[in-house]
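Peer 1: This is the structure I want to talk about, given as structure tokens.
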Amino acid sequence: GAEPTSNREQWSGRVNVDVTPSQKFEISASTGYVHNETSLSCEGGCAGAMFGLVFSSPQFLKENECAPGQEGPCGYRDGFRIWSPEAYWMMDIGQDVDRFTGSLKLTYRPFDWMTNRFTFGTDVTQEQNEEYLPYLTNDTLLYFWGPTTGKGYKYQTRRAQTFNTYDFSSTAEFALTSSLTSATSLGVQYYTRHIEFIGAEGDQFAGPGLATIGAAAIKPYAEDDYLDNNTLGLFVQE
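Its first residue numbered 263, the sequence shown is counted upward by one per residue in our numbering.
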């Protein structure tokens with residue numbers, strides 16, 4: 263990224279395997295894994311260093327920020343529109359995501375006219391979102407953040423979701439006449455979805471070096487929720 267607080271690290275891998283133990287039986291498996299760490303700047307909602315640079319002006323220099331009759335230098339903006347970049351860079355905004363996907367397909371043909379397929383798939387994601395401002399002791403940084411917010415805060419949410427799919431189908435094919443064939447299929451599909459969510463916030467740390475929500479003096483937000491949804495389907499096709 264263009265700022266020290268804007269960066270991304272990601273790596274992923276995938277493995278596909280196909281095995282044919284016999285002419286009647288086939289196995290196909292696929293797995294994938296993605297790990298992603300993203301850090302964001304304040305540009306997404308709290309102005310930011312780039313915003314301050316684009317709209318910078320000499321009138322925001324210390325020697326030009328004094329009120330009538332006030333002796334300078336005044337302010338800490340150093341010419342930037344609102345805050346100096348160092349103030350924005352104190353906030354840590356980030357997201358970590360781990361995602362695993364996997365599938366298994368079994369194909370069995372006991373007769374030339376019959377094919378059976380069973381497919382299982384899973385998609386598991388762990389997501390963590392966080393905002394963190396440490397306890398500030400620098401007078402310049404406190405000038406921007408203020409005495410209350412300058413004591414720091416931490417906001418964190420975690421989401422875990424699992425999707426599973428089970429699919430079985432059987433197809434029988436017959437030649438009814440020399441010009442007419444029949445393919446009869448029947449099957450079962452089962453789909454499960456499970457989502458867990460937890461979030462919390464802690465404001466105003468007792469001193470520098472603290473970085474847990476439990477160490478904050480005020481805890482204005484806490485949420486714990488989950489969702490379960492299961493779907494069963496049957497089908498017949500001619």
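Even glycine gets a Cβ: it sits at the ideal position worked out from N, Cα and C.
1. Exposed or buried, which one is G310 when buried takes at least 16 other CB atoms within 10 Å?
2. Which of the three DSSP states, helix, strand or coil, is assigned to Q285?
3. With H, G and I counted as helix, E and B as strand and the rest as coil, what does DSSP make of V315?
4. So if DSSP puts N400 in a beta bridge, which residue, or which two residues, is it bridged to?
5. Can you tell me which of the three DSSP states I355 falls into?
6. W375 by DSSP, collapsed to three states: which one?
7. Per the DSSP calculation, T381 is bridged to which residue(s)?
8. Touching or not, the region 287-298 and the region 355-369, by the rule of three or more beta carbon pairs under 8 Å?
9. Just list the residues that DSSP pairs L494 with in beta bridges.
10. Can you name the start and end residues of the alpha helix (DSSP H) that E348 belongs to?
11. Alpha carbon to alpha carbon, how far is P330 from G476?
12. Mark L302 as exposed unless 16 or more other C-beta atoms lie within 10 angstroms of its C-beta, in which case mark it buried.
13. Buried or exposed, going by whether 16 or more other CB atoms sit within 10 Å of the CB of I480?
14. Using the rule of at least 16 other Cβ atoms within 10 Å of the residue's Cβ for burial, across every protein chain shown, is D465 buried or exposed?
15. Taking the C-alpha atoms as reference points, what is the distance between T439 and G449?
16. Would you tell me roughly how many angstroms separate the C-alpha atoms of A468 and T399, rounded to the nearest one?
17. Within 10 angstroms of the Cβ of T446, are there 16 or more other Cβ atoms? Answer buried if so, exposed if not.
18. Applying the 10 Å Cβ sphere with the 16-neighbour rule, what's the burial state of L395?
19. Just the Cα atoms here: how many angstroms apart are A462 and D490?
20. Measure from the alpha carbon of Q357 to the alpha carbon of each residue in T402, E458 and E271, then state which is nearest.
21. Relative to the C-alpha of D360, which residue among N426, V277 and E299 is closest?
22. On the premise that G337 lies in contact with E327, defined as a C-beta separation below 8 Å, what is that separation, rounded to the nearest angstrom?
Peer 2: Considering the structure as presented:
1. For the purposes of this step, residue 310 is taken as residue 48 along the sequence shown, with counting starting at 1. With 16 or more other Cβ atoms within 10 Å, it is buried.
2. Counting from one through the sequence shown, the residue named residue 285 turns up at place 23. The answer is coil: DSSP assigns Q285 none of H, G, I, E or B.
3. Here the question's residue 315 lines up with position 53 in the sequence shown. With the sequence shown as reference, residue 315 is identified as Leu, and Val is not the correct amino acid for it. Under the three-state reduction of DSSP output, L315 falls in the helix class.
4. Reading the sequence shown from its first residue, position 138 is the one you call residue 400. Answer is none; N400 lacks a bridge partner.
5. As a position in the sequence shown, residue 355 is number 93, starting the count at 1. Per DSSP, reduced to three states, the secondary structure at I355 is strand.
6. By 1-based counting over the sequence shown, the position of residue 375 is 113. In this structure, W375 counts as coil in the three-state DSSP scheme.
7. As a position in the sequence shown, residue 381 is number 119, starting the count at 1. Partner residues in the beta bridge of T381, as assigned by DSSP, are K367 and D429.
8. Short answer: they touch.
9. Position 232 of the sequence shown, counting from 1, holds the residue named residue 494. In the DSSP assignment, L494 is bridged to Y452.
10. Here residue 348 refers to the residue found at position 86 of the sequence shown. E348 -> alpha helix (DSSP H) spans P347 to Y350.
11. The residue given as residue 330 occupies position 68 in the sequence shown. The residue given as residue 476 occupies position 214 in the sequence shown. The straight-line gap from Cα to Cα measures roughly 46 Å.
12. Counted from its first residue, the sequence shown places residue 302 at position 40. Label assigned to L302: buried.
13. Residue numbering aside, residue 480 sits at position 218 when the sequence shown is read from its first letter. Looking at its Cβ environment, which holds fewer than 16 other Cβ atoms inside 10 Å, I480 is exposed.
14. Reading the sequence shown from its first residue, position 203 is the one you call residue 465. The residue is buried, with at least 16 neighbouring Cβ atoms inside 10 Å.
15. Your numbering for residue 439 matches position 177 in the sequence shown. Your numbering for residue 449 matches position 187 in the sequence shown. Cα to Cα, the separation comes out at about 26 Å.
16. For the purposes of this step, residue 468 is taken as the residue at position 206 of the sequence shown. For the purposes of this step, residue 399 is taken as the residue at position 137 of the sequence shown. A straight line joining the alpha-carbon of A468 with that of T399 spans about 12 Å.
17. Residue 446 sits at position 184 when you count from the first residue of the sequence shown. Classification of T446: exposed, given that the 10 Å Cβ count is below 16.
18. Start at 1 with the first residue of the sequence shown, and residue 395 comes out as number 133. Counting Cβ neighbours within 10 Å, L395 comes out buried, since at least 16 surround it.
19. In the sequence shown, residue 462 corresponds to position 200, counting from 1. In the sequence shown, residue 490 corresponds to position 228, counting from 1. Distance from the CA atom of A462 to the CA atom of D490, rounded to whole angstroms, is 22 Å.
20. What you label residue 357 is simply residue 95 of the sequence shown in a count that begins at 1. Shortest Cα-Cα distance from Q357 to any of T402, E458 and E271 involves E271.
21. Translated into the one-based positions of the sequence shown, residue 360 becomes position 98. Cα-wise, what sits closest to D360 is E299.
22. On the sequence shown, position 65 is the one that residue 327 refers to. On the sequence shown, position 75 is the one that residue 337 refers to. With a beta-carbon spacing of about 4 Å, E327 and G337 fall inside the 8 Å limit used to define contacts.
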